[in-house]
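Engineer:
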Amino acid sequence: LRQSNVVGSLTLAELAATGRPKPLHHISSIAVFNEVGITAMGEDDPLAHVDRLVAGYDQTKWAAEVALRRARDHGLIVTALRPGGIGGHTRTGAYNPQDLSSGLLSAFGRFRTVPAFSHLNAAPVDWVSRVAVGVVCEPDAWGYDYNLTGVPNTLDDVVRDMALGGMHVRVQDWDEWRTHALARLEAEPVPELAFLTRVLQSPTALRLCEATLKGPAATAERTAALVEALGLRPAARYDAQAQLRTFERLAQDGLARLPHKDDQPYLWFSETTEGGVGPVGAPADTPCSMALTLSLASMYQLVKERRVDVTGELTCAAVHPEPLVVEHGDVWIRPEEGIPQRHGMRHRLLTYRLALRDAEGGRWWLEGHKYA
Numbered sequence: 063l064r065q066s067n068v069v070g071s072l073t074l075a076e077l078a079a080t081g082r083p084k085p086l087h088h089i090s091s092i093a094v095f096n097e098v099g100i101t102a103m104g105e106d107d108p109l110a111h112v113d114r115l116v117a118g119y120d121q122t123k124w125a126a127e128v129a130l131r132r133a134r135d136h137g138l139i140v141t142a143l144r145p146g147g148i149g150g151h152t153r154t155g156a157y158n159p160q161d162l163s164s165g166l167l168s169a170f171g172r173f174r175t176v177p178a179f180s181h182l183n184a185a186p187v188d189w190v191s192r193v194a195v196g197v198v199c200e201p202d203a204w205g206y207d208y209n210l211t212g213v214p215n216t217l218d219d220v221v222r223d224m225a226l227g228g229m230h231v232r233v234q235d236w237d238e239w240r241t242h243a244l245a246r247l248e249a250e251p252v253p254e255l256a257f258l259t260r261v262l263q264s265p266t267a268l269r270l271c272e273a274t275l276k277g278p279a280a281t282a283e284r285t286a287a288l289v290e291a292l293g294l295r296p297a298a299r300y301d302a303q304a305q306l307r308t309f310e311r312l313a314q315d316g317l318a319r320l321p322h323k324d325d326q327p328y329l330w331f332s333e334t335t336e337g338g339v340g341p342v343g344a345p346a347d348t349p350c351s352m353a354l355t356l357s358l359a360s361m362y363q364l365v366k367e368r369r370v371d372v373t374g375e376l377t378c379a380a381v382h383p384e385p386l387v388v389e390h391g392d393v394w395i396r397p398e399e400g401i402p403q404r405h406g407m408r409h410r411l412l413t414y415r416l417a418l419r420d421a422e423g424g425r426w427w428l429e430g431h432k433y434a
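The sequence shown stops at residue 434 when you use the numbering used here, and every number in between is there.
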């Protein structure tokens, strides 16, 4: 990394200083603060002590930024841009499959556990790139340091977001979480997460993770002021909604796992319906009732599929002399986008399909619709 991160940066600085001085825009990293125990990560705060940086990436980013600061002190226009964790694109879901942020997000969702951390300084790639371009294209912004870290996530933020997505997670201390994650990766190998296994087994990487997870929230007042002045979209927390497309892509590519109907429900409620049924054209004089439990594995399920899971019991002598168990079933909400039937005003609100079982093990099914 020395050749690319340090020597490469110094070569560009030499080019910028040769002949007519030229401005230099340097993509640094919030990793220049990755010292265990550091108390502040502001845009003008002192960097970490280099002898306390354990990873080669952090050390080389630190060396490059310090060298370029000295060049700036001698008159060269140097702008340093420091992204933190770079999350997936909020609209397309595009992400870096070998990035630690992608690996951790996948592990959180797959194993339903998270390590206790202070803050996660991460922002989506579309916001980071847009702000970086804004800085480069605004001469009045040159010559300063910018933290492109967005709005930090707290542990409570992440736990709440995952619960909203139907993923109830346990919080563990770092050593316990690492042991649990490695055990799960060994018992249920995920080729796409092999890089995360290597990270969790590396002493150097472990110290890097510890510094990252225990670090303070990065602050970015200068960046926020510039974003406002340029009329760009302000930083927002990289929350469940912003991560949705990325999480779908992670699951599609085998890294993450979306909520499933067999998971512990995120939300459930009971519903009892009573009425009468009869043959078409005849009185509906046979009593019929359903005692159902409707549940959602996640808000993702409701928004994406508009589907509710159903279990319970159906009691109707016209169908079967004994009550039938609803083993499983689905209710689709507004299955036809609420569009009325042709040449009519009736709107289909619900479609339900239930799989039933009698006491002898016989199988039945029931399908119906609710209109308004």
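Glycine included, C-beta positions come from ideal geometry on N, C-alpha and C.
1) One question on the structure: do P145 and V190 come within less than 7 Å of each other, judged by their Cβ atoms?
2) Near A297, what residues of its chain come up, given a Cβ to Cβ distance below 6 Å and the 5 sequence neighbours on each side ignored?
3) What do you reckon, are the CB atoms on T152 and N209 nearer than 7 Å?
4) Less than 7 Å between the C-beta atoms of V193 and I148, yes or no?
5) Tell me which same chain residues have a C-beta within less than 6 Å of the C-beta of L306, skipping the five on either side of it?
6) Measuring only the C-alpha atoms, how far is Y206 from V116?
7) Please go through the same chain and pick out, in chain order, the residues whose beta-carbon is closer than 6 Å to the beta-carbon of T334, but skip the five residues on each side of it.
8) Taking the C-alpha atoms as reference points, what is the distance between V261 and F331?
9) In three-state DSSP terms, what is V176?
10) Taking DSSP as the reference, what is the three-state secondary structure of D371?
11) Just tell me which of M407, W236, G430, A344 has its CA closest to the CA of F170.
12) Please list, in chain order, all residues of the same chain as P402 whose beta carbon is under 7 Å from its beta carbon, the five residues on each side excluded.
13) Give the DSSP-derived three-state secondary structure of G501 in the structure shown.
14) Heavy atom of the ligand ZN less than 6 Å from the Cβ of I92, yes or no?
15) Are the CB atoms of A359 and S168 within a distance shorter than 7 Å?
16) Determine whether the beta carbon atoms of L275 and F179 lie at a separation below 7 Å.
17) Within the continuous beta strand (DSSP E) that includes E333, where are the two ends?
18) With a floor of 4 residues, list each alpha helix (DSSP H) that falls wholly inside the region 233 to 310, ordered by position along the chain.
19) Taking the CB atoms as reference points, tell me whether A75 and L86 lie closer together than 7 Å.
20) Check the C-beta distance from L98 over to E272 and give it rounded, since I have them as a contact under 8 Å.
21) Using the beta-carbon count (16 or more within 10 Å), is L386 buried or exposed?
22) In terms of DSSP beta bridges, what is I148 paired with?
23) Taking S91 as the reference, which of L143, V198, W394, L244 has the closest Cα?
24) Which one of D135, A133, I89 has the shortest CA to CA distance from Y119?
25) Answer with buried or exposed for P321, where buried requires no fewer than 16 other C-beta atoms within 10 angstroms of its C-beta.
26) In angstroms with no decimal places, state the Cα-to-Cα distance between G228 and Y328.
27) Less than 8 Å between C-beta atoms, sequence neighbours within five positions excluded: which residues of the same chain meet that for D347?
28) Can V69 and T122 be called in contact, C-beta distance under 7 Å?
29) By alpha-carbon positions, which one of D315, L109, P108, Y300 ends up nearest to A184?
30) With distances taken Cα to Cα, identify the nearest neighbour of T175 among E200, I139, R232.
31) Is A156 closer than 7 Å to H288 when the C-beta atoms are compared?
32) With distances taken between CB atoms, is the gap from T413 to W427 smaller than 7 Å?
33) Which word fits V140, buried or exposed, when buried means at least 16 other C-beta atoms lie within 10 angstroms of its C-beta?
Structural biologist: Per the coordinate set shown:
1) yes
2) G212, V213
3) no
4) no
5) none
6) 27 Å
7) A353
8) 43 Å
9) strand
10) strand
11) W236
12) R408, H409
13) Nothing about residue 501 can be reported from this structure: the residues present for the chain run from 63 to 434 only.
14) This structure lacks the ligand ZN; in fact it carries no ligand of any kind.
15) no
16) yes
17) 329 to 339
18) 236 to 249, 256 to 263, 265 to 276, 283 to 292
19) yes
20) Looking at the sequence shown, residue 98 is not Leu but Val. Right, their Cβ atoms sit about 6 Å apart.
21) buried
22) A185
23) L143
24) I89
25) buried
26) 5 Å
27) G338, G340
28) no
29) Y300
30) R232
31) Looking at the sequence provided, one finds Leu at residue 288 rather than His. Contact: no.
32) no
33) buried
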